[in-house]
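Colleague: Structure incoming, see below.
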Amino acid sequence: MFRRGCPPIALSGKVYIPGRDSPVRIKQIQLEQDTAKSSFDPRTQTSNLDLNRAGTALLEIVTEPDLRSAHQAGAYVRALRAILRAIGASDGNMEAGSLRCDVNVSVNEVGKPRGTRCEVKNLNSMKFMQAAIICEARRHQELYLEGAAVPQETRGFNEDTFETFKLRSKEEAPDYRYMPDPNLGVLFITRERIERTKKTMPELPWETRDRLVHIYGLSEQDADILLNVDAEREGHEGGAVVYFDRLCKETRDPGVTFNWMVHELLERLHAAKLTFVDNPLSSSQFGELVDLVQSGTITCTSGKLLLREMLADPSSSRTAIDRALNLLSASGGELDVNELCTAAIAALPAEASAFRNGHKNVINKILGWVMRESRGRAESKKARKYLISLLEKTP
1 MFRRGCPPIA LSGKVYIPGR DSPVRIKQIQ LEQDTAKSSF DPRTQTSNLD LNRAGTALLE
61 IVTEPDLRSA HQAGAYVRAL RAILRAIGAS DGNMEAGSLR CDVNVSVNEV GKPRGTRCEV
121 KNLNSMKFMQ AAIICEARRH QELYLEGAAV PQETRGFNED TFETFKLRSK EEAPDYRYMP
181 DPNLGVLFIT RERIERTKKT MPELPWETRD RLVHIYGLSE QDADILLNVD AEREGHEGGA
241 VVYFDRLCKE TRDPGVTFNW MVHELLERLH AAKLTFVDNP LSSSQFGELV DLVQSGTITC
301 TSGKLLLREM LADPSSSRTA IDRALNLLSA SGGELDVNEL CTAAIAALPA EASAFRNGHK
361 NVINKILGWV MRESRGRAES KKARKYLISL LEKTP
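Dropping the structure here:
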């Protein structure tokens, strides 16, 4: 492989990842361009040049040996990918080849020098990258236990057998045949340009997390849930965080909004084997539903049923909401839950007696009667609480 490149354009960076106090150090970042891949055919005794990737530019980010496990490597790549997406440098789609990883793996006993490292090339998914690290580390351990040396080499990863295989003996950095490109002029980056770029930088992932925590009052775990949705790929209306921002621009409670967005909307999408990219509801459509629940106009149970109907036919979501409100109006508006609970106990005397005799789980059947008779309009928590108080009072 011949590469045309230039000296590093950046040195001594760092990236913080969850679960690790110290940063992962970045040694350097460099621009490269592939020109051709050479291969030797022993049958014909000829060398062939593959020009399929000629002219393809890439940004290579070289990390210091700070990562100690496949899990940490995965967290690092996810954090790095989120940064690249935030600044518009790459869509980070590993399956499409926008982002690939080469990993260097070595094993050593605690307190001993690092073992011989082997490089596993061209890993195109998070799953395969972490699997390759685990498999290669296990191979090193087995060789050491046998008393054998680990040869320094470059290896590939078989995605079917989950095994690494030898590609070639490892070359040292000077042997990689990097070639300076005389067609590229010298690039001068002034301090003024750097400062101007800093001022126009978009919000970075850790800044987004801080904003979600301090402005909306979300926990760090909840903020990470939204960030992780966007870490997979940009979604509906610019992503989960942008969608959440739009929902909260009104007077909606951020906690209620988050719960409905994550625990109802995202879970229903997941159950249908869809991602947030496939979300058919605009923030204004979904916001109307949240408003109805937050104001107490409809119960949580009714809201869940309404959400299911809206997802099934997004174009008629306004009609579905109007129909729900009309039904509410036609049925008398305010629901007398206390009266329904009293009627439920009278309708199910055997179950009421069983509850008083210690069979507490039977409350679910009585509650089911209330929910059925109210057509899902009763607030289940409120109804359960009142049923228990009635059953404990009356003989």
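The UniProt record's numbering applies: residue 1 is where the sequence shown begins, and numbers increase by one. Here a beta-carbon is modelled for each residue, glycine too, at the ideal position from N, C-alpha and C. Computed from a predicted model, the values in this text were never measured in an experiment.
Using the three-state DSSP reduction, which class does L187 fall into: helix, strand or coil?
Modeller: Of the three classes helix, strand and coil, the one that applies to L187 here is coil, per DSSP.
Colleague: Counting Cβ pairs closer than 8 Å, one from the segment 42–49 and one from the segment 100–107, do we hit at least three?
Modeller: No, the segment 42–49 does not touch the segment 100–107.
Colleague: Taking DSSP as the reference, what is the three-state secondary structure of V110?
Modeller: The answer is coil: DSSP assigns V110 none of H, G, I, E or B.
Colleague: Helix, strand or coil: which one does DSSP assign to T299?
Modeller: In the structure shown, T299 sits in coil (DSSP, three-state: anything other than H, G, I, E or B).
Colleague: Determine whether the beta carbon atoms of P280 and L311 lie at a separation below 8 Å.
Modeller: Taking 8 Å as the Cβ cut-off, P280 and L311 qualify as a contacting pair.
Colleague: Ends of the beta strand (DSSP E) at E119?
Modeller: 118–123 is the span of the beta strand (DSSP E), which, as asked, contains E119.
Colleague: In this structure, what does DSSP give as the bridge partners for A57?
Modeller: Per DSSP, Q33.
Colleague: Count the other CB atoms, across all protein chains shown, that sit within 10 Å of the CB of residue 404; report buried if there are 16 or more and exposed otherwise.
Modeller: Residue coverage of the chain in this structure runs from 1 to 395, which leaves residue 404 outside it and unanswerable.
Colleague: Using a threshold of 8 Å, state whether the C-beta atoms of S295 and R246 are closer than that.
Modeller: No, the pair does not count as a contact, with Cβ atoms beyond the cut-off.
Colleague: Cα separation between V24 and D222?
Modeller: The straight-line gap from Cα to Cα measures roughly 24 Å.
Colleague: Which partner residues of E163 appear in the DSSP bridge assignment?
Modeller: E163 is bridged to N158.
Colleague: Can you have a look at I9 and say buried or exposed, based on whether 16 or more other CB atoms are within 10 angstroms of its CB?
Modeller: When all chains shown are included, I9 counts as exposed.
Colleague: How many angstroms separate the CA atom of S69 from the CA atom of R20?
Modeller: Approximately 12 Å, taken between the alpha carbons.
Colleague: Taking DSSP as the reference, what is the three-state secondary structure of S69?
Modeller: Here S69 sits in coil by DSSP.
Colleague: What residues match up with R25 in a beta bridge as DSSP calls it?
Modeller: Beta-bridge pairing links R25 to K14.
Colleague: For the candidate residues L348, I363, H270, whose alpha-carbon lies nearest to that of V229?
Modeller: Selected option, being the one with the closest Cα: H270.
Colleague: Following the continuous alpha helix (DSSP H) through T46, name the residue where it begins and the one where it ends.
Modeller: T46 -> not in any alpha helix (DSSP H); beta strand (DSSP E) instead, spanning 46–50.
Colleague: Between which residues of its own chain and N338 is the CB-CB distance below 7 Å, once the five residues before and five after are set aside?
Modeller: Contacts found: Y386.
Colleague: With a threshold of 8 Å, are at least 3 pairs of Cβ atoms found where one atom belongs to the segment 105–119 and the other to the segment 148–155?
Modeller: Because the criterion of three Cβ pairs below 8 Å is met, the segment 105–119 and the segment 148–155 touch.
Colleague: In terms of residue numbering, what span does the alpha helix (DSSP H) encompassing V103 cover?
Modeller: Here V103 belongs to no alpha helix (DSSP H); instead the beta strand (DSSP E) covers 101–105.
Colleague: So the candidates are G97, I134, L11, D210; which of them puts its Cα closest to the Cα of V120?
Modeller: Of G97, I134, L11, D210, the residue nearest in Cα terms is I134.
Colleague: Skipping 5 residues on each side, what residues in its chain have a beta carbon closer than 6 Å to that of E207?
Modeller: So the list is empty, once near-sequence residues are dropped.
Colleague: Within this structure, are the beta carbons of V370 and A344 separated by less than 8 Å?
Modeller: The answer is yes: Cβ separation under 8 Å.
Colleague: Nearest CA to the CA of L227: which residue from D66, R252, F276, R196?
Modeller: Checked all of D66, R252, F276, R196; the closest Cα to L227 is F276.
Colleague: Distance check for G147 and L274, CA to CA, integer angstroms please.
Modeller: Computed Cα separation, rounded: 50 Å.
Colleague: Let me know if F165 comes out buried or exposed under the rule of 16 or more other beta-carbons within 10 Å of its beta-carbon.
Modeller: Its Cβ having fewer than 16 others within 10 Å, F165 is exposed.
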